[in-house]
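Colleague: The structure's right below; bear with me while I get my questions together.
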Amino acid sequence: MTNSIPEIRDADFLFVTGSNTSEAHPIIAMEMKLAVQRGARLAVADPRKIWMTEIADWHLQLKPGTDVWLLNAMAHVIVSEGLEATDWIAENTEDFDKVRETALRYPPEEAAEVTGVPAETIREVARAYAATPKAGIYYTLGITEHTTGTDNVYALSNLVLMTGHLGVRSAGMNPLRGQNNVQGANDSGATPVFYPGYQNASDPEVRGAFAEAWGVEQSETTGLNLNEMMKAMSDGQLKALYLLGEDIVISEPNVCRVEEAMNELDFVVVQDIFFNESCRYADVVLPAACFAEKEGVFTNSDRRVQRVRRAVEPPGQARADWEILLEVMKRAGLEQPDYQHPREIYAEMASLSPKFRGISHERIEREGGMQWPVTGPEEPSCEYLHKGGVLRGKGLFVSVEYRPPFEQEDVEYPLVLSTGRTLYHYNAATQTRRNEQLAHKQPEGFVEVHPKNARKLGIEDGQKVDVVTRRGRVRARVMLSRQVRKNAIWMPFHFPDVRTNYLTTDAGDAVTGTGEYKVCAARLEPVPDSVPERVFPGAFAAVE
Amino acid sequence: MAYSRAKVSEFVIIDGNEISFEPGETLLEAAKRADVEIPTLCYDPRLTPAGACRMCLVEVEGSRLMQPACSFKAAPGQVVRTQTARVQRNREFILSLHLADTIHDRDVMEDNNPSHVHELAERYGTAGDWTTLAKQRAGRPDDVNKFISFRPDRCILCSLCTRYCDQVEAVSAITLAGRGAHTTITTADARSLTDTTCELCGGCVDVCPTGAMTEKAALEYGKPERELDKVRTTCNFCGVGCQIDLNVDTEANQVVKVTSPPPGTTVNDGNLCVKGRFANDFIHHEDRLTVPLVRDPGGGLREATWDEALDRTVRGLQAAAAKHGNDALAFISSSRCTGEENYLMQKMARAAFGTHNIHQCAAT
Ligand code: SF4
Ligand code: SF4
Ligand code: FES
Numbered sequence: 016m017t018n019s020i021p022e023i024r025d026a027d028f029l030f031v032t033g034s035n036t037s038e039a040h041p042i043i044a045m046e047m048k049l050a051v052q053r054g055a056r057l058a059v060a061d062p063r064k065i066w067m068t069e070i071a072d073w074h075l076q077l078k079p080g081t082d083v084w085l086l087n088a089m090a091h092v093i094v095s096e097g098l099e100a101t102d103w104i105a106e107n108t109e110d111f112d113k114v115r116e117t118a119l120r121y122p123p124e125e126a127a128e129v130t131g132v133p134a135e136t137i138r139e140v141a142r143a144y145a146a147t148p149k150a151g152i153y154y155t156l157g158i159t160e161h162t163t164g165t166d167n168v169y170a171l172s173n174l175v176l177m178t179g180h181l182g183v184r185s186a187g188m189n190p191l192r193g194q195n196n197v198q199g200a201n202d203s204g205a206t207p208v209f210y211p212g213y214q215n216a217s218d219p220e221v222r223g224a225f226a227e228a229w230g231v232e233q234s235e236t237t238g239l240n241l242n243e244m245m246k247a248m249s250d251g252q253l254k255a256l257y258l259l260g261e262d263i264v265i266s267e268p269n270v271c272r273v274e275e276a277m278n279e280l281d282f283v284v285v286q287d288i289f290f291n292e293s294c295r296y297a298d299v300v301l302p303a304a305c306f307a308e309k310e311g312v313f314t315n316s317d318r319r320v321q322r323v324r325r326a327v328e329p330p331g332q333a334r335a336d337w338e339i340l341l342e343v344m345k346r347a348g349l350e351q352p353d354y355q356h357p358r359e360i361y362a363e364m365a366s367l368s369p370k371f372r373g374i375s376h377e378r379i380e381r382e383g384g385m386q387w388p389v390t391g392p393e394e395p396s397c398e399y400l401h402k403g404g405v406l407r408g409k410g411l412f413v414s415v416e417y418r419p420p421f422e423q424e425d426v427e428y429p430l431v432l433s434t435g436r437t438l439y440h441y442n443a444a445t446q447t448r449r450n451e452q453l454a455h456k457q458p459e460g461f462v463e464v465h466p467k468n469a470r471k472l473g474i475e476d477g478q479k480v481d482v483v484t485r486r487g488r489v490r491a492r493v494m495l496s497r498q499v500r501k502n503a504i505w506m507p508f509h510f511p512d513v514r515t516n517y518l519t520t521d522a523g524d525a526v527t528g529t530g531e532y533k534v535c536a537a538r539l540e541p542v543p544d545s546v547p548e549r550v551f552p553g554a555f556a557a558v559e
Numbered sequence: 002m003a004y005s006r007a008k009v010s011e012f013v014i015i016d017g018n019e020i021s022f023e024p025g026e027t028l029l030e031a032a033k034r035a036d037v038e039i040p041t042l043c044y045d046p047r048l049t050p051a052g053a054c055r056m057c058l059v060e061v062e063g064s065r066l067m068q069p070a071c072s073f074k075a076a077p078g079q080v081v082r083t084q085t086a087r088v089q090r091n092r093e094f095i096l097s098l099h100l101a102d103t104i105h106d107r108d109v110m111e112d113n114n115p116s117h118v119h120e121l122a123e124r125y126g127t128a129g130d131w132t133t134l135a136k137q138r139a140g141r142p143d144d145v146n147k148f149i150s151f152r153p154d155r156c157i158l159c160s161l162c163t164r165y166c167d168q169v170e171a172v173s174a175i176t177l178a179g180r181g182a183h184t185t186i187t188t189a190d191a192r193s194l195t196d197t198t199c200e201l202c203g204g205c206v207d208v209c210p211t212g213a214m215t216e217k218a219a220l221e222y223g224k225p226e227r228e229l230d231k232v233r234t235t236c237n238f239c240g241v242g243c244q245i246d247l248n249v250d251t252e253a254n255q256v257v258k259v260t261s262p263p264p265g266t267t268v269n270d271g272n273l274c275v276k277g278r279f280a281n282d283f284i285h286h287e288d289r290l291t292v293p294l295v296r297d298p299g300g301g302l303r304e305a306t307w308d309e310a311l312d313r314t315v316r317g318l319q320a321a322a323a324k325h326g327n328d329a330l331a332f333i334s335s336s337r338c339t340g341e342e343n344y345l346m347q348k349m350a351r352a353a354f355g356t357h358n359i360h361q362c363a364a365t
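If you read the sequences in order, they're chains L and S. Going by our numbering, the first sequence opens with residue 16, and the numbers climb by one from there. Going by our numbering, the second sequence opens with residue 2, and the numbers climb by one from there.
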């Protein structure tokens, strides 16, 4: 996030896109509710009629996968009506002309046809966004989990740059992270392209520095991202896998292929707190401590490094992941200092990453959570980025063209399937399903279907259907709902009995490799003689 | 600009001291900044004042009646007294009234959550024989949800819970209903909370000054909050990074419940969602892995010592690398693990096994 969570309540305009905020990020939603109570205007762009649309001034109910059309049309309104921040653009950005040209090819009337959002709505929202100084954009997986995920993000950032909504309190561009420490994992260099602190892994100088610090030559071969790893596994290029706290058999798309490939691997290590589905393929399973049993830091969406503290002992022989990893490294012949506490590991990382150099456990204990960059021990925590100019020097406009989703509906698969999360569960739900109380509130997976589609197929509310895509079929209970658009269906991905990743495609975004969980083509087949039962839809249901 | 905080230096005089305040601030907010303590029962910085408990009354010169500091706006030159005998008499009287309305015995009252009423009564004293004052509030049948219990015999009708549910959570699942002595907190048609718009944020429990709203599981566990140790940590679910307090029964090595730090102190401003608040029994779940496992060739997994398991780990990885090259190895790290652990994971991939094949699930 370029801004901080507590700034949200002071925003005057909020553009929330691809984020079911009240269910996925309830605390952020509370901030947004505060802003709206204060008089801020709210525009929600989402294919579903999610709770946030209840308090929104505009709901842009776009067809899944048409985000670039919508966003470029907003840009069209801004440049054709002269609402762009001309001086700011000249001072802070590069390549605006190309984006202007592209935008002019996306008129709102045509956008209305492609996206289903009325042209007038697009105009109003674009104008309001451009004209409000404290206007923030908030997005999550609904934007990134597409084959065009990177394009979507560029299209958004073009809007931010052309209106100069950057480096201002309560304005800016704010991805809301889905998991507790996604930010921190990226910060720490758990990505093929970066060493800790976003230092480019393909830069020989950076590699040299780490080679020296760690005392080992660094490979010059570019690493694979997750999506590429899954493919390389199927192709037989990967032979061994070390899985830390992740259950790829539950979380990765097109799981049949993943499972087949896992079977072919020479060697698999799984290190986790539960015996997860991936353990079935493991040669070694290492029992790990959970967050309540260890020390360390998590970094949240607004780049805030905060402490994790040990409250209880781990069960049985389980050990903290950091202890296990140090031990494996030592046994693999890489000498390690005799670290007794993660604060020492953090210090090693900070010493190698200018962005975190001024952060330490000791300082967090004294000052509370710290937002990076903090480049030295005297530097203060950083509330919002791009203050007084764009961080990378000049903000780069990147013109993007609409590309249809990888898979489009056709006669055989006439519906668009999207997946997402609900308030009551979390990802693979290995933790939330084990909560008796939550399981009671929302016990099983379901599929939301628009009443019109249901009528056509002769499907009743609460009955079971098979959801079928080119990759697989799963059975789920139907929830009739006007939250979804006509011809669109939606499923939560938390439930092992209703494994949506048998259905989703593994077509990934070209840059990040993020799978297209949000769009694939599907059809419904009623299960004969299924007895309807009530399903609990979550916090909010627009069922008639 | 409407929302910028203009710094105009204005002063009120509280107990003889000049205290600066910003336009629009209440006496309570001004007093807070100067560390002048004014006790409150129905005040919360996140909510519009209700003026319901009368605990915060202070003397304001020029006004015959005492005024509630939580809602009375500070004005330049105003002279305020918070320590007079009259103020003190009111506090004792109000506390007596509220005590009469709840469970008298503090130990019984605090079976789970601490009672702010009893705490204030101990600090400020009470008036006369309050135990004979009034009858306790009548109960309403409890509902079947497994999360939150409402116990009317403890409620003092401060309306913190209903205001929180309206103004912060914005779902209005609970309301004040009935009149006079029959007023109580209920849901639409007295339905179970899980059948209402309630999102199970647990905020009503956190703001309740009496323990009338209480977590069922912790109540069942049977150890009062004051006997538990609080460990401040970061929630392990979404990316907001809420600060939470794990309430631990240290002797039993058991996390009993989660509470939120006070408003205004952390990124979550004292709020939590259903997952942070209630989804913590996975910590002690019987399915947790407790022993290393290794697979015998062609067979199933069996228990092993750490030594054997770690040895197998290293040998397995090294054998694959020797046969197929370093880039035949892949390391998938976790956004569920700490920053330090992610650092070590990528260091292991890059330094111990010579490959940049390191990533995590969910790159967002
Ligand atoms: S748990 Fe939250 S949503 Fe439910 S009644 Fe309490 S305050 Fe309202
Ligand atoms: S239940 Fe608690 S918070 Fe709600 S009105 Fe009663 S005493 Fe106040
Ligand atoms: S705190 Fe002021 S009336 Fe209750």
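The beta carbon of each residue, even a glycine, is placed where N, CA and C say it ideally should be. These figures come from a predicted structure and were not determined experimentally.
Would you check if the distance between the CB atom of L/Q386 and the CB atom of L/R318 is smaller than 7 Å?
Modeller: Taking 7 Å as the cut-off, the Cβ atoms of L/Q386 and L/R318 count as close.
Colleague: Could you tell me how far apart the beta carbons of L/I137 and L/N189 are, in whole angstroms, since I believe they sit closer than 8 Å?
Modeller: About 21 Å separates the two Cβ atoms, so there is no contact after all.
Colleague: Quick one: grab the DSSP three-state call for L/A491.
Modeller: Strand at L/A491.
Colleague: Give the DSSP-derived three-state secondary structure of S/F94 in the structure shown.
Modeller: helix
Colleague: Within 7 Å of any Cβ in chain L, is that where the Cβ of S/I284 sits?
Modeller: yes
Colleague: Could one say the Cβ of S/A321 lies closer than 7 Å to chain L's Cβ atoms, at least one of them?
Modeller: yes
Colleague: Excluding the 5 residues preceding and the 5 following L/V51 in the sequence, name in chain order all residues of the same chain whose CB lies nearer than 7 Å to its CB.
Modeller: L57, I70
Colleague: Excluding the 5 residues flanking L/H40 on each side, which residues of the same chain have their C-beta closer than 6 Å to its C-beta?
Modeller: L191
Colleague: Could you spell out the range, first to last residue, of the alpha helix (DSSP H) harbouring S/S334?
Modeller: That residue, S/S334, is in no alpha helix (DSSP H); its beta strand (DSSP E) goes 330–334.
Colleague: Mapping DSSP to helix, strand and coil, what is L/F371?
Modeller: helix
Colleague: What are the uninterrupted segments assigned as alpha helix (DSSP H) that are 4 or more residues long and contained completely in the stretch 94–146 of chain L, given in chain order?
Modeller: 101–107, 111–119, 123–130, 134–146
Colleague: Among L/P207, L/A226, L/V197, L/E243, which residue has its Cα nearest to the Cα of S/E341?
Modeller: L/V197
Colleague: Quick test of your reading: S/R87 and S/E60, contact by CB under 8 Å. State the CB separation rounded to the nearest angstrom.
Modeller: 6 Å
Colleague: When you compare the CB of L/W229 with every CB in chain S, is at least one pair closer than 7 Å?
Modeller: yes
Colleague: Please report whether the beta-carbon of S/G317 lies at a distance below 7 Å from any beta-carbon of chain L.
Modeller: It does; some Cβ of chain L falls within 7 Å.
Colleague: Of all the CB atoms in chain L, is at least one closer than 7 Å to the CB of S/M56?
Modeller: no
Colleague: With a threshold of 7 Å on Cβ separation, who are the neighbours of L/R407 within its own chain once the five nearest residues in sequence on each side are excluded?
Modeller: Note that L/R407 scores 49 on pLDDT, short of 50, meaning its location in the model is unreliable; the coordinates nonetheless yield the value given after this. Once the five neighbours on either side are set aside, L/R407 has no close Cβ partner at all.
Colleague: Do L/W73 and L/V114 come within 7 Å of each other at the CB atom, strictly closer than that value?
Modeller: Against a cut-off of 7 Å, the Cβ pair of L/W73 and L/V114 comes out as no contact.
Colleague: Would a C-beta distance cut-off of 7 Å place S/Q361 and L/A205 closer than the cut-off?
Modeller: yes
Colleague: Please report the residue range of the alpha helix (DSSP H) in which S/V275 lies.
Modeller: 275–279
Colleague: For S/H183, count the other beta carbons within 10 Å of its own beta carbon; 16 or more makes it buried, fewer makes it exposed. Which is it?
Modeller: exposed
Colleague: Which residues in chain S sit within 7 Å of L/E292, going by Cβ to Cβ distance?
Modeller: Near L/E292 there are no residues of chain S at all, since even the closest Cβ is about 13 Å away, more than 7 Å.
Colleague: Mind checking which residues open and close the alpha helix (DSSP H) that includes S/K389?
Modeller: Here chain S has residues from 2 to 365 only, and residue 389 of chain S is not among them.
Colleague: Does L/G238 pass the burial test, meaning 16 or more other C-beta atoms within 10 Å, or should it be called exposed?
Modeller: buried
Colleague: Comparing the C-beta of S/T314 with each C-beta of chain L, is any distance below 7 Å?
Modeller: Chain L contact via Cβ: present.
Colleague: In three-state terms, what does DSSP make of L/Y296?
Modeller: helix
Colleague: Could you run through the stretch 164–175 of chain S and flag, in chain order, every residue whose CB is less than 9 Å away from some CB of chain L?
Modeller: Contact residues of the stretch 164–175 of chain S toward chain L are Q168, V169, E170, A171, V172 (C-beta to C-beta distance below 9 Å).
Colleague: Listing by chain order, which chain L residues have their CB less than 8 Å from the CB of S/A340?
Modeller: One point to set straight first is that residue 340 of chain S is Gly, not Ala, in the sequence displayed. The answer, in chain order, is N196, G199, A200, D202, S203, G311, V312, F313, T314, V320, Y361, M364.
Colleague: Is S/M214 close to ligand 2? I mean its beta-carbon at under 6 Å from any heavy atom of the ligand.
Modeller: yes
Colleague: Establish whether the CB of L/W387 and some CB of chain S are separated by less than 7 Å.
Modeller: no
Colleague: Classify L/R407 as helix, strand or coil using the three-state DSSP reduction.
Modeller: Below a pLDDT of 50, predicted positions are generally treated as unreliable, and L/R407, at 49, falls in that range; no measurement from the model is reported.
Colleague: Measuring straight from C-alpha to C-alpha, what distance separates S/A218 and S/N114?
Modeller: About 12 Å.
Colleague: How would you label L/Q76, buried or exposed, when you count the other beta carbons within 10 angstroms and need 16 or more for buried?
Modeller: buried
Colleague: Quick check on this structure: which residue in L/S433, L/E416, L/V542, L/C397 has the alpha carbon closest to the alpha carbon of L/G473?
Modeller: Comparing Cα positions, the closest option is L/V542.
Colleague: Since L/G111 and L/M177 should fall inside the 8 Å C-beta cutoff, what is the C-beta to C-beta distance between them, to a whole number of angstroms?
Modeller: Looking at the sequence shown, residue 111 of chain L is not Gly but Phe. Contact flag correct, Cβ pair sits at about 7 Å.
Colleague: For L/V59, which residues does DSSP report across the bridge?
Modeller: DSSP output for L/V59 lists L/V31, L/H74 as bridge partner(s).
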